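Take a look at the structure below.
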Amino acid sequence: DGGITQSPKYLFRKEGQNVTLSCEQNLNHDAMYWYRQDPGQGLRLIYYSQIVNDFQKGDIAEGYSVSREKKESFPLTVTSAQKNPTAFYLCASSFPTENTEAFFGQGTRLTVV
Amino acid sequence: AQSVTQLGSHVSVSEGALVLLRCNYSSSVPPYLFWYVQYPNQGLQLLLKYTSAATLVKGINGFEAEFKKSETSFHLTKPSAHMSDAAEYFCAVSENNFNKFYFGSGTKLNVKP
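Residue numbers (our numbering), protein chains in the order written: chain B, 1 to 113; chain D, 1001 to 1113.
Laid out in C-alpha cells, this is it:
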C-alpha cells in the first residue's frame, strides 16, 4: 500500500544530543514537509522541499536541518540548538500542484530528557 | 502569508446532536481549503477539500463544509454526532503559487453519550 512511513514512533534522547527522524514515502510525491505539533498551537511548518536536492525553511526552522537526496526520503535532524525539542513531529507529502491535499505519516513523538 | 482561525479550541456535543466547527481564513484571493481529522498519537487524515466546483463540499464520515467567500469561512458540520467522531479537527489553507499548507490551531471535539 502507498503511504508515508515515519520512524520511530517514539523517541527519547538526552538533552544536547542530535537526533534524526525518518520519513519515507512511496506515493511518488515531489513535495515533502515537516511539521511540529504542540498542544493548542496546531501544526507549524519546519521545512519543506519541492524537489530533490532543494528545500526551504518554514516558519520555525531554527535548530533543525533536513536533506532531500532522494525523492522518497526527507529526514529531519533535531539539533542541540533547538531549545525546546520535545514535541510531536509530522511528515507530509503532496504533488506540487494546486488544490492537492497533503498526506501525513503517523508521526514521531520526541521526548528530550 | 495565509492564516487560519478556528474558533473554539474545545467543542462538546451530545451524541446525535449537530456538530459545527468553525474556520475562517485570511486571503485576498480564493484559497484552497481543507479539513483534517486527527486521532490521538496519529497523523492527520483528510476529511474533505474545497475544489471550487461547488460551495458545499461533502466528505467522509458524514461531514460536510460550506465555502462562503463573503464571510471568508469554511465551517465543518455533521448533522448527527457519533461517539467515534471524538477527535481533533484542523482546518488548513494552501497558497496558489506553491502548496504550502497553513493550519489552524485545531478544535477538539468531545461527544457525550
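Cβ atoms here follow ideal geometry from the backbone N, Cα and C, with glycine treated the same way. Source: prediction; values computed, not measured.
Bounding residues of the beta strand (DSSP E) (the contiguous stretch that carries D59 of chain B): Careful: D59 of chain B lies outside any beta strand (DSSP E) and carries neither H nor E.
Applying a beta-carbon distance threshold of less than 9 Å, which residues of chain D neighbour Q106 of chain B? N1041, Q1042 and G1043
Count the other C-beta atoms from every protein chain shown that fall within 10 angstroms of the C-beta of F74 of chain B, then say buried if there are 16 or more, exposed otherwise. buried
From which residue to which residue does the beta strand (DSSP E) around M32 of chain B run? A31 to Q37
Output the distance between the C-alpha atoms of T100 of chain B and A1053 of chain D, rounded to the nearest integer angstrom. 14 Å
Does E1071 of chain D pass the burial test, meaning 16 or more other C-beta atoms within 10 Å, or should it be called exposed? exposed
For K1112 of chain D, I'd like the list of residues in its chain whose CB is within less than 6 Å of its CB, leaving aside the five on either flank, ordered along the chain. Cβ within range, chain order: S1014.
Does any residue of chain D bring its CB to less than 8 Å from the CB of L21 of chain B? no
Chain-ordered neighbours of S1105 of chain D on chain B, where CB pairs are closer than 8 Å: G40, Q41 and G42
Straight-line CA distance for A1017 of chain D to T5 of chain B? A1017 of chain D and T5 of chain B have their C-alpha atoms some 36 Å from each other.
Give me the Cα-Cα distance between E1088 of chain D and V1011 of chain D, rounded to the nearest whole angstrom. 10 Å
On the criterion of 16 or more Cβ atoms from any shown chain inside 10 Å, does I1060 of chain D qualify as buried, or is it exposed? Classification for I1060 of chain D: exposed.
Considering only the beta carbon of each residue, do A61 of chain B and I51 of chain B sit closer than 8 Å? It is not a contact, given that the beta carbons lie outside the stated cut-off.
Using a Cβ-Cβ cut-off of 8 Å (strictly less than) and excluding sequence neighbours within five positions of T86 of chain B, which residues of its own chain qualify? L110, T111 and V112
Nearest CA to the CA of M1083 of chain D: which residue from D:Y1032, D:N1110, D:K1100 and D:K1068? Minimum Cα distance to M1083 of chain D is reached at D:N1110.
Mind checking whether Q106 of chain B and Q1038 of chain D have CB atoms under 8 Å apart? no
Residues of its chain near N26 of chain B, where Cβ-Cβ distance is below 6 Å and the 5 sequence neighbours each way are ignored: G2
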